[in-house]
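Student: For reference, the structure I am asking about is given below.
Protein chains: 2
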Amino acid sequence: MAAIAIEPAGVRHIRRHAHLVRRNETTDRLFRVVDGWACQYRLLPDGRRQIISLFLPGDYCEAQWLLTGRANWPIVALTDVSFVELPLARIRADLAHGAPGILEVLNAIARTLKNHETWIVNLGRMSATERICALLVDLFERMELTGKVVANRCPMPLTQHDIADVVGISAVHANRVLQILRGERVIALTAGRLELLDPAELRRMCGPACQ
Amino acid sequence: MAAIAIEPAGVRHIRRHAHLVRRNETTDRLFRVVDGWACQYRLLPDGRRQIISLFLPGDYCEAQWLLTGRANWPIVALTDVSFVELPLARIRADLAHGAPGILEVLNAIARTLKNHETWIVNLGRMSATERICALLVDLFERMELTGKVVANRCPMPLTQHDIADVVGISAVHANRVLQILRGERVIALTAGRLELLDPAELRRMCGPACQ
DNA sequence: CGTTTGTTTGAAATAACTCAACGGGAGTGG
DNA sequence: CCACTCCCGTTGAGTTATTTCAAACAAACG
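For the protein sequence lines, the chains are P and B, in the order given.
According to my numbering, the first sequence is numbered sequentially starting from 1.
According to my numbering, the second sequence is numbered sequentially starting from 1.
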């Protein structure tokens with residue numbers, strides 16, 4: 001994936017749990033993750049949290065800002081994160097005279113839509129086990145695209161609490177599901193690393209949605 | 001909301017349960033609902049169904065085709081539906097030289113993203129009752145925008161099975177939740193019409209998400 | 001008028017949640 | 001270096017939300 005033909009202002013760094021974006025913030029730039037993981041989330045007044053999107057290295061955070069210039073929900077770093085900033089004005093200018101790099105941003109929007117649709121189906125109609133398996137497969141495949149998979153192992157910095165908030169279950173239940181997956185020797189998950197011991201079985205456990 | 005400055009090929013009509021779009025279909029036009037309700041859904045091989053989006057009069061169906069030209073999931077009419085078609089080529093041309101009508105399509109994409117985010121949160125973190133209340137409020141407000149609300153009553157052609165497939169619960173449970181709402185005199189729902197008897201209470205029952 | 005589609009109800013089963021407690025690091029301050 | 005705290009993962013027991021299955025009924029439809 002070629003970088004957009006914009007000279008980045010330079011790579012910036014933030015620490016784990018620091019906010020990249022706050023709620024309802026307006027912005028004049030897009031962010032692209034260089035290293036580390038971040039997420040967009042919604043926190044309810046009573047403490048319930050739902051993670052809406054995960055951003056991995058190479059991902060645009062909220063490319064739809066191109067359309068609205070406004071962030072609906074906050075984005076927080078789940079690990080230490082380094083990222084670059086891309087001025088919206090520049091991207092919009094490219095859009096007007098059809099510069100090729102713009103396609104990358106439009107594709108990012110289309111991909112976001114597709115991911116959201118997938119997770120609406122997962123959250124609405126899949127069991128907790130199916131959802132966790134689908135998440136692990138999704139993350140593994142995205143890490144594969146950026147060359148972070150070696151011998152069926154990749155980084156997995158999410159806590160069980162994070163996982164629970166992605167797939168919409170309690171942290172305790174997430175723990176129990178992971179125990180089962182480990183017990184059946186489908187995955188190994190320790191010290192921030194995920195290993196797929198039986199990828200075919202893991203995919204089967206995603207349910208009939210994986211086709 | 002002004003119509004795009006494109007002479008529509010004319011209004012077309014399809015019957016309830018007919019497909020507007022099939023899975024993975026490529027397309028050279030956008031659809032806009034004139035009258036009736038439609039939905040985009042995902043049907044799993046084992047029979048589970050999740051409705052991803054509802055399309056009401058005035059809505060663009062899947063404005064993101066502007067980006068991809070491809071429908072991920074089928075769209076089916078939930079009632080008899082009339083709609084108009086807008087050629088993508090024409091919209092893209094407008095996009096290139098910044099015709100004003102194009103904004104409407106971009107806004108539709110942004111709105112779709114926001115709706116999807118809302119439903120990811122609802123499906124992940126809200127109870128069945130909260131989700132059903134949120135759906136009813138959402139539909140009511142959208143009908144209000146197009147002037148279909150009279151004296152707190154609006155059309156509601158969804159079956160309880162449809163409702164269940166939007167909010168990700170079983171049809172039986174949807175029925176029981178609706179019974180409760182009726183029993184508490186919050187809504188009346190019969191013969192394809194919804195009446196809000198106690199809008200404030202209904203909004204409270206959406207949970208803390210409604211702010 | 002028979003058939004289909006949509007709604008209602010009951011009873012039993014299951015998935016997932018809550019609460020509570022414990023243990024092992026990893027950092028932090030003295 | 002030690003003691004302390006906090007975060008994270010783990011486990012057990014009891015509770016609640018939701019599902020499944022089954023049957024009956026009502027309304028709409030041709």
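From the three backbone atoms N, C-alpha and C, an ideal C-beta is built for every residue, glycine too.
Here the structure is a predicted model, which is why all the values come from computation and not from measurement.
When DSSP labels each residue in this structure, what does B/T112 get in the three-state scheme?
Tutor: Here residue 112 of chain B is taken as the residue at index 112 of the second sequence, counted from 1. If DSSP states are grouped into helix, strand and coil, B/T112 belongs with the helices.
Student: Using CA coordinates, which residue listed in B/L78, B/F31, B/L194, B/D59 is at the minimum distance from B/L88?
Tutor: Position 88 of the second sequence, counted from the first residue, corresponds to residue 88 of chain B. Selected option, being the one with the closest Cα: B/F31.
Student: Which residues in chain P sit within 8 Å of B/G168, going by Cβ to Cβ distance?
Tutor: Counted from its first residue, the second sequence places residue 168 of chain B at position 168. Neighbours of B/G168 on chain P, chain order: L123, G124, R125.
Student: What residues of chain P sit near B/N72, judged by a beta carbon separation below 8 Å?
Tutor: For the purposes of this step, residue 72 of chain B is identified with residue 72 of the second sequence, where counting begins at 1. By Cβ distance, chain P contributes K114, E117.
Student: Evaluate contact between the segment 123-133 of chain B and the segment 202-211 of chain B, counting only Cβ atoms and requiring at least three cross-stretch pairs below 8 Å.
Tutor: The segment 123-133 of chain B, when compared against the segment 202-211 of chain B, does touch it at the 8 Å Cβ threshold.
Student: Using a threshold of 9 Å, state whether the C-beta atoms of P/G69 and P/D28 are closer than that.
Tutor: Within the first sequence, residue 69 of chain P is the residue found at index 69, counting from 1. Within the first sequence, residue 28 of chain P is the residue found at index 28, counting from 1. In contact: P/G69 and P/D28 (Cβ atoms closer than 9 Å).
Student: Run down chain B in chain order and give the residues with a C-beta less than 7 Å from the C-beta of P/R48.
Tutor: Start at 1 with the first residue of the first sequence, and residue 48 of chain P comes out as number 48. Within 7 Å Cβ-Cβ: R125.
Student: Just to confirm my understanding: we take B/L202, look at its own chain, exclude 5 residues before and 5 after, and list those with CB closer than 8 Å. What are they?
Tutor: Position 202 of the second sequence, counted from the start, is the residue given in the question as residue 202 of chain B. Here the set comprises C133, L136, V137, L181, V186, I187, L196.
Student: What does P/T68 reach in chain B if we use C-beta pairs closer than 7 Å?
Tutor: Position 68 of the first sequence holds residue 68 of chain P. Those within 7 Å of P/T68 in chain B are A110.
Student: Report the three-state DSSP secondary structure of B/I132 (helix, strand or coil).
Tutor: The count along the second sequence starts at 1 and reaches residue 132 of chain B at position 132. Helix, per DSSP.
Student: What ranges does the alpha helix (DSSP H) occupy inside the segment 67-129 of chain P, keeping only unbroken runs of at least 4 residues that lie completely in it?
Tutor: If we require 4 residues or more, the alpha helix (DSSP H) runs fully inside the segment 67-129 of chain P come out as 88-96, 102-125.
Student: Helix, strand or coil, according to DSSP, for B/A5 in the structure here?
Tutor: Taking the first residue of the second sequence as 1, we reach residue 5 of chain B at position 5. Because B/A5 sits at a pLDDT of 42, beneath the cut-off of 50, its placement in the model cannot be relied upon, and the following sentence gives the value as read from the coordinates. Of the three classes helix, strand and coil, the one that applies to B/A5 here is coil, per DSSP.
Student: What does a CB cutoff of less than 6 Å around P/P57 pick up in its chain, not counting 5 residues either side in sequence?
Tutor: Position 57 of the first sequence, counted from the first residue, corresponds to residue 57 of chain P. Once the five neighbours on either side are set aside, the close Cβ partners of P/P57 are V33, D35, T146.
Student: Quick one: list the residues of chain B neighbouring P/I120, beta-carbon separation under 8 Å, in chain order.
Tutor: Residue numbering aside, residue 120 of chain P sits at position 120 when the first sequence is read from its first letter. Those within 8 Å of P/I120 in chain B are Q50, I52, H116, W119, I120, L123.
Student: Listed in chain order, which residues of the segment 78-90 of chain P have Cβ atoms closer than 8 Å to some Cβ of chain B?
Tutor: Residues passing the 8 Å Cβ filter: none.
Student: So B/P199 is in the beta strand (DSSP E); what residue range does that whole segment cover?
Tutor: As a working mapping, residue 199 of chain B is identified with position 199 in the second sequence. From DSSP, B/P199 is part of no beta strand (DSSP E) but of the alpha helix (DSSP H) over 199-204.
Student: Put P/D35 into one of helix, strand or coil per three-state DSSP.
Tutor: The count along the first sequence starts at 1 and reaches residue 35 of chain P at position 35. Note: P/D35 maps to strand in three-state DSSP.
Student: Using alpha carbons as the reference points, say which of B/N107, B/C61, B/Y41 lies closest to P/V121.
Tutor: Position 121 of the first sequence, counted from the start, is the residue given in the question as residue 121 of chain P. Out of B/N107, B/C61, B/Y41, B/Y41 has the C-alpha closest to the C-alpha of P/V121.
Student: In chain order, what residues of the same chain lie with their CB nearer than 8 Å to the CB of B/R193, ignoring the 5 residues before and after it?
Tutor: Here residue 193 of chain B is taken as the residue at index 193 of the second sequence, counted from 1. Result list for B/R193: R153, C154, P155, M156, in chain order.
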